[in-house]
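Beneath this line is the structure, given in structure tokens, with notes to follow.
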Amino acid sequence: MVWLWRLPHGRLVQIPELPQDESKLYIFLQLVTKGSLLKLYQKYELRDSQVSSYTRQILHGLKYLHEKNVVHRDIKCANILVDANGSVKLADFGLAKVTKLNDVKSCKGTPFWMAPEQMQALFRIGKGEPPPVPDSLSSDARNFIFKCLQVNPSDRPTAAQLLDHSFVRCQLPTSSGSSSPYNFGQRV
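If you read the sequence shown in full-length UniProt numbering, its first letter stands for residue 1, the second for the next number, and so on.
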């Protein structure tokens, strides 16, 4: 975890201080006040513009990690935190690994904690079938998701390549006229 201290980036939860003590290890993490993206998704109905903004921020964090030869290996909504300004911070680097990106062959993550429908989606992807993507999403959002779900890793775009996708490149209008990523509608 000490190596994480040397990765200063606005899209990563920071370790602002690492006090030295011979008998104990203290780790202080940056406070991210609004909780995880999972909690926000469960509580609010997120619009395409908000998902686009969050996705763009996540991709910037992943691109930075990949440039430093770090693979997170447990990206999920519960490990993506949002601060009061709507800024995303990648968190929980417990499974992260410093590696050459081409050498990654192991699958890590938290499958034992996945909901059954998530496991079903993974099995469908493994069989070459795309999981169901809601028709309510914009065509850009649907196209982005299908690109991310390519079964063959060599066909799957990198974080840097995904930053050029139209879904994350453009600010999408919101129903309220605000492009703020933290202006939520109520969950229906």
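Backbone N, C-alpha and C fix where the C-beta goes; we use that ideal spot for every residue, glycine too.
Pull up the distance between the alpha-carbon of residue i and that of residue j, whole angstroms please.
i      : j      : result
GLY128 : LYS34  : 36 angstroms
LYS147 : ALA84  : 31 angstroms
VAL151 : ALA91  : 26 angstroms
GLN57  : SER87  : 7 angstroms
HIS60  : PRO153 : 20 angstroms
VAL51  : GLN42  : 14 angstroms
CYS77  : LYS39  : 8 angstroms
MET119 : ARG142 : 20 angstroms
ALA160 : ILE75  : 16 angstroms
VAL71  : ARG156 : 16 angstroms
ILE145 : LYS24  : 44 angstroms
MET132 : HIS66  : The sequence shown places Pro at residue 132, rather than the Met named in the question. In a straight line, the C-alpha of PRO132 is about 29 angstroms away from that of HIS66.
SER138 : GLU45  : 15 angstroms
LYS63  : THR158 : 8 angstroms
VAL82  : PRO130 : 29 angstroms
ASP164 : GLU22  : 47 angstroms
GLN20  : VAL168 : 41 angstroms
MET1   : CYS170 : Below a pLDDT of 50, predicted positions are generally treated as unreliable, and MET1, at 45, falls in that range; the measurement from the model is reported next regardless. MET1 and CYS170: Cα-Cα distance of roughly 35 angstroms.
For residue i and residue j, which I take to be in contact (beta-carbon distance under 8 angstroms), what is that distance rounded to the nearest angstrom?
i      : j      : result
ILE80  : LEU122 : No, ILE80 and LEU122 are not in contact; Cβ-Cβ is about 19 angstroms, not under 8 angstroms.
LEU12  : LYS68  : Not really, about 10 angstroms apart at Cβ, beyond 8 angstroms.
ASP135 : SER166 : In fact, because the Cβ distance is near 19 angstroms, the residues do not count as touching under 8 angstroms.
ILE125 : LEU149 : 6 angstroms
Should residue i be labelled buried (16 or more other beta-carbon atoms within 10 Å of its own) or exposed?
i     : result
THR55 : buried
ARG47 : buried
SER53 : buried
SER49 : buried
Would you verify that the beta carbon of residue i is, or is not, closer than 8 angstroms to some beta carbon of chain C?
i      : result
ASP135 : No chain C appears in the structure shown, which is made up of a single protein chain.
Which complete alpha helix (DSSP H) runs does the stretch 36-89 hold, if anything under 4 residues is left out?
When DSSP assignments are scanned along the stretch 36-89, the uninterrupted stretches of alpha helix (DSSP H) that are 4 or more residues long and fall wholly within it turn out to be 37-43, 48-67.
Length at least 4, wholly inside the stretch 123-177: the alpha helix (DSSP H) runs in chain order:
139-148, 159-162, 166-169
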